[in-house]
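**Student:** Take a look at the following structure, please.
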Amino acid sequence: MSKVILNHGAGGELMQEFLSKHITNHFPSMNAEVPLDSMDDSAVVDDVVFTIDGHTVKPLFFPGGDIGKISVAGTVNDISVMGASPLALACSVIMEEGLDIDVVDRVMDSMGKTAAGCGVPIATGDTKVVESGAVDQMVMSTSAIGKRSPYLDSNLAKAAEYRKVENRWCTDSSVRPGDAIIVSGYMGDHGIALLSFREGYGFESEVQSDVAPLNRMIAEGLKVGGIVAMKDPTRGGLANTLNEWCGKSHVGMEIDYSAIPLRDGVVNACDLLGIDPLSIGNEGKCVMGVVPEMADEVLKAIRRTPEGKDAAIIGHAVEGTERVVLRTEVGGKRVLEAPAGDPVPRIC
């Protein structure tokens with residue numbers, strides 16, 4: 010009999026296959042503008058945007074963040090990348106018996122400060138305590154609702170000045186040939202910071218987690234206009250996000266590796282561990298598809314925010330095969346495959 014493995018929840022191709030065969034196929038179909046089977050970061054029903062996210066971070070506290078901060082930021086970002094404004098959060102906490110109360114206070118204080126900082130309140134929730142050993146200290150689930158951003162219509166209208174725009178939201182299927190691909194900052198920081206701290210490699214002294222809410226940075230980009238797709242490259246990293254866009258939008262992509270922001274500490278750690286920095290999860294970054302005529306203006310706008318100060322244009326979508334071609338630093342080319350799963354488990 011087949012068993013569930015870690016990679017079934019790691020965000021890569023194995024997870025997508027597992028979801029379609031064993032999870033979503035059991036659910037009834039629904040009439041929604043962005044339904045479950047689109048596999049976007051949030052659903053849209055009657056112009057209400059909502060999402061839910063589970064968090065099993067190990068350890069609970071890591072350089073640059075903790076399970077409380079990541080639960081708020083990740084859920085706010087899932088709403089925001091659709092082109093929506095998050096309104097409120099719900100939080101469900103499951104704790105094991107024997108957990109120090111001080112740990113609970115630290116996590117909840119971090120949640121409260123992160124929610125206050127991004128302007129998205131925690132409106133409701135649920136708390137459970139289970140027997141010791143039933144969970145690993147604490148697991149958390151957060152959900153959120155949002156409404157259409159006041160800047161989304163003008164943003165899409167600006168894009169429509171240059172090409173046909175079919176979708177009313179910034180979905181994975183909205184990228185078209187010619188669109189510029191922007192990342193909002195350094196890739197791989199979160200996964201390497203957490204892995205290094207967990208395993209004692211020492212790289213966390215120079216690499217901190219990037220975990221952060223991105224709703225205000227995204228709003229600045231939407232104000233300029235021309236953004237057609239957005240996604241936060243969490244599990245499976247940038248490689249997974251770009252390959253998802255290729256498959257759902259039926260485009261290819263040409264990406265310049267030297268243009269991708271990567272810290273030396275992340276590259277060195279990945280070289281040592283034999284993993285690809287482009288397949289490592291991030292928790293405070295956004296990938297944007299932008300009509301090429303507006304790409305420089307959007308880049309300038311998000312660079313003016315703290316979360317987007319290191320943003321860069323890394324390539325563009327092209328006609329043809331649904332794959333990502335990476336131009337290497339020495340002038341060659343290689344196909345950037347979608348990962349089977351995130352090489353660093355339990356990071357979100």
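Residue numbers in the sequence shown follow my numbering, run continuously in steps of one, and reach 357 at the last position.
Cβ coordinates follow ideal geometry from the N, Cα and C atoms, glycine included.
With H, G and I counted as helix, E and B as strand and the rest as coil, what does DSSP make of F36?
**Tutor:** Taking the sequence shown and counting its residues from 1, the one referred to as residue 36 is at position 27. Three-state DSSP puts F36 in coil, outside helix and strand.
**Student:** Per DSSP, R157 forms a beta bridge with which residues?
**Tutor:** Against the sequence shown, residue 157 aligns to sequence position 148. According to DSSP, which records beta bridges pairwise, R157 is partnered with A93.
**Student:** In the DSSP assignment, what residue or residues form a beta bridge with G261?
**Tutor:** Looking up residue 261 in the sequence shown gives position 252. Bridge partners of G261: V327.
**Student:** Could you give the C-beta distance for P372 and N249, rounded to a whole number, given that I count them as a contact under 8 angstroms?
**Tutor:** Residue 372 lies beyond the residue range present for the chain, which begins at 10 and ends at 357; the question has no answer from this structure.
**Student:** Kindly indicate which three-state DSSP category E105 falls into: helix, strand or coil?
**Tutor:** Position 96 of the sequence shown holds residue 105. In this structure, E105 counts as strand in the three-state DSSP scheme.
**Student:** Please report the distance separating the alpha-carbon of S152 from that of G211.
**Tutor:** Residue numbering aside, residue 152 sits at position 143 when the sequence shown is read from its first letter. Residue numbering aside, residue 211 sits at position 202 when the sequence shown is read from its first letter. Cα-Cα distance, rounded: 34 angstroms.
**Student:** Quick check on the burial criterion: 16 or more other C-beta atoms within 10 angstroms. Buried or exposed for G235?
**Tutor:** One-based indexing of the sequence shown puts residue 235 at position 226. Looking at its Cβ environment, which holds 16 or more other Cβ atoms inside 10 Å, G235 is buried.
**Student:** Would you kindly check if the distance between the Cβ of I103 and the Cβ of V54 is under 8 angstroms?
**Tutor:** As a working note, residue 54 is residue 45 in the sequence shown. As a working note, residue 103 is residue 94 in the sequence shown. No, the Cβ-Cβ distance between V54 and I103 is not below 8 angstroms.
**Student:** Which of helix, strand or coil does DSSP assign to L23?
**Tutor:** Position 14 of the sequence shown, counting from 1, holds the residue named residue 23. L23: helix per DSSP, three-state reduction.
**Student:** Under the assumption that V300 contacts A168 (Cβ atoms under 8 angstroms), give the Cβ distance between them as a whole number of angstroms.
**Tutor:** Working through the sequence shown from its first residue, we reach residue 300 at position 291. Working through the sequence shown from its first residue, we reach residue 168 at position 159. The pair is a contact, with the Cβ atoms about 5 angstroms apart (cut-off 8 angstroms).
**Student:** Which residue marks the beginning of the alpha helix (DSSP H) containing G194, and which one marks its end?
**Tutor:** Start at 1 with the first residue of the sequence shown, and residue 194 comes out as number 185. Run containing G194: none; DSSP gives neither H nor E here.
**Student:** Hey, is A82's beta-carbon within less than 8 angstroms of any beta-carbon in chain C?
**Tutor:** Looking at the structure shown, chain C is missing, and only one protein chain is on hand.
**Student:** Could you say which of V138, I190, E229, P348 lies nearest to P106 if we only look at CA atoms?
**Tutor:** Position 97 of the sequence shown holds residue 106. Just to set this straight, residue 106 is Glu in the shown sequence, not Pro. Considering only alpha carbons, the answer is V138.
**Student:** Distance, Cα to Cα, S258 vs D49?
**Tutor:** As a first step, residue 258 must be located in the sequence shown, where it is residue number 249. As a first step, residue 49 must be located in the sequence shown, where it is residue number 40. Taking the straight line joining both Cα atoms gives about 12 angstroms.
**Student:** Between the Cα of E316 and those of C127, M262, L96, spot the shortest distance and give me the residue it belongs to.
**Tutor:** If you number the sequence shown from 1, residue 316 lands on position 307. E316 has its Cα closest to that of C127, out of C127, M262, L96.
**Student:** Within its chain, find whatever has a CB closer than 8 angstroms to the CB of T330; leave out the 5 residues flanking it on each side and keep chain order.
**Tutor:** The residue given as residue 330 occupies position 321 in the sequence shown. So the qualifying residues of the chain are G261.
**Student:** What is the residue span of the beta strand (DSSP E) that K232 lies within?
**Tutor:** Position 223 of the sequence shown holds residue 232. Note, K232: premise wrong, no beta strand (DSSP E); alpha helix (DSSP H) at 224-233.
**Student:** Spatial neighbours of G18 within its chain, please: CB distance less than 7 angstroms, with the 5 preceding and 5 following residues excluded, ordered by chain position.
**Tutor:** For the purposes of this step, residue 18 is taken as the residue at position 9 of the sequence shown. Answer for G18: M24, listed in chain order.
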